[in-house]
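In our numbering, the protein residues as written are 3 to 268.
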Amino acid sequence: MKFPTYPFKQLLSGGLLCCLILLAAYIFQAFFPGMYVDAFSSSMHLLMWLILFVGALLWTFRAKGERIGISEVIDWQFIAAFILITADEIYMIMPREIHMEIAPVLSEYTIPVLVVIGIMVAATIKVSITLYQKLADERRQAVLQTQKMQQLLDSPPTGQKDIVLLRKLIENRSIAQFSAKDYILLIEECRMIDSEFFVWLKKQGCQLPPRDIVLCVLIRMYKTKDEILSIFCITDGTYRTMKSRARKRLGAGDEELESFLQTALK
């Protein structure tokens, strides 16, 4: 799994901004303690500083070229506000004895709570954005791959008028009876729909048997596990063995073969 890297200047400036916001929140609480006398006022001021702190965290860990707008921050802060107000309403209906015990704690530890909740909200936003972008990219690649295959079926290149073998993969038909010669012809046809993968294989110097190459092509075609099982006519255990063998030969380490094949060429 690839982790994002951030420029040192960006981390330094963002870290200083986060510290300044926390320092400002601490000074504000020190100079205006009367505004933190109960859970409701504490939660309202917590929300105010939370908006600034989460915005600073998102700006600090923004991806290269990514622009963080105030609208993205505020949208997520509405969720934080809803949680805080709901928690406060629950607190209000509790017995008075509980109020007497909890209110001083909430008022005293406003800053630590600000830090913890701010990091949690910012992390949730980053993970959600990353997953959404990954899913959107996979959907876009799947659509492009489907369109490319359909164009190939409708208008095969000169000298490849039948492409019967490739059509079997596209239509999820079995290739269990394929001979070694059939696999070689199939790979040549696969090269037409995923030339980028074969160029990458050549650059890496990976020596894969034809069956493993077809498995990789199927995964890059976004075929499901059930579809691949039916195409090869194999069991789930054999499928896992094939994936493990291909992953080792490609040098994917512990990364899932599906993720590696979709991201290795980028």
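Backbone N, C-alpha and C define an ideal beta-carbon position, used for all residues, glycine too.
{"Check": "Buried or exposed by the 16-neighbour rule on C-beta atoms within 10 Å, applied to Phe-55", "Outcome": "buried"}
{"Check": "Gln-206 classed as buried or exposed, judged by whether at least 16 other C-beta atoms fall within 10 angstroms", "Outcome": "exposed"}
{"Check": "Top-ranked residue by Cα proximity to Phe-10, from Met-46, Gly-36, Arg-64, Ala-26", "Outcome": "Arg-64"}
{"Check": "CA-to-CA distance, Ile-53 to Tyr-134, given in whole angstroms", "Outcome": "22 angstroms"}
{"Check": "Segment contact, 8 angstroms Cβ cut-off, at least three pairs: the stretch 231-244 with the stretch 189-198", "Outcome": "no"}
{"Check": "Alpha-carbon to alpha-carbon, Leu-59 and Leu-48", "Outcome": "16 angstroms"}
{"Check": "Leu-203 versus Gly-255: straight-line alpha-carbon distance, rounded", "Outcome": "16 angstroms"}
{"Check": "Supposed contact pair Leu-210 and Glu-191 - C-beta distance, whole angstroms, cut 8 angstroms", "Outcome": "Not a contact, Cβ separation roughly 17 angstroms."}
{"Check": "N-terminal and C-terminal residue of the alpha helix (DSSP H) that Gln-31 is part of", "Outcome": "10-33"}
{"Check": "Nearest to Ala-178 (by Cα), restricted to the options Asp-214, Ile-121, Thr-132, Ser-232", "Outcome": "Ser-232"}
{"Check": "Three-state class that DSSP yields for Cys-235 in the structure shown", "Outcome": "coil"}
{"Check": "Three-state secondary structure assigned by DSSP to Ile-127", "Outcome": "helix"}
{"Check": "Presumed contact (8 angstroms Cβ cut-off) between Gly-16 and Trp-61, rounded CB distance", "Outcome": "6 angstroms"}
{"Check": "Residue interval of the alpha helix (DSSP H) (run including Leu-269)", "Outcome": "This structure cannot settle anything about residue 269, because the visible part of the chain is limited to 3 through 268."}
{"Check": "Closest residue to Gly-120 among Arg-247, Phe-180, Gln-12, Cys-20 (Cα-Cα distance)", "Outcome": "Cys-20"}
{"Check": "6 angstroms Cβ shell around Phe-33 - same chain, five flanking residues per side excluded", "Outcome": "none"}
{"Check": "Residues of its chain near Met-46, where Cβ-Cβ distance is below 6 angstroms and the 5 sequence neighbours each way are ignored", "Outcome": "none"}
{"Check": "Distance, Ile-127 Cα to Arg-141 Cα", "Outcome": "21 angstroms"}
{"Check": "Distance between Ser-176 and Arg-222 (C-alpha atoms, nearest Å)", "Outcome": "18 angstroms"}
{"Check": "Extent of the continuous alpha helix (DSSP H) to which Tyr-185 belongs", "Outcome": "182-195"}
{"Check": "Limits of the unbroken alpha helix (DSSP H) element including Leu-259", "Outcome": "259-265"}
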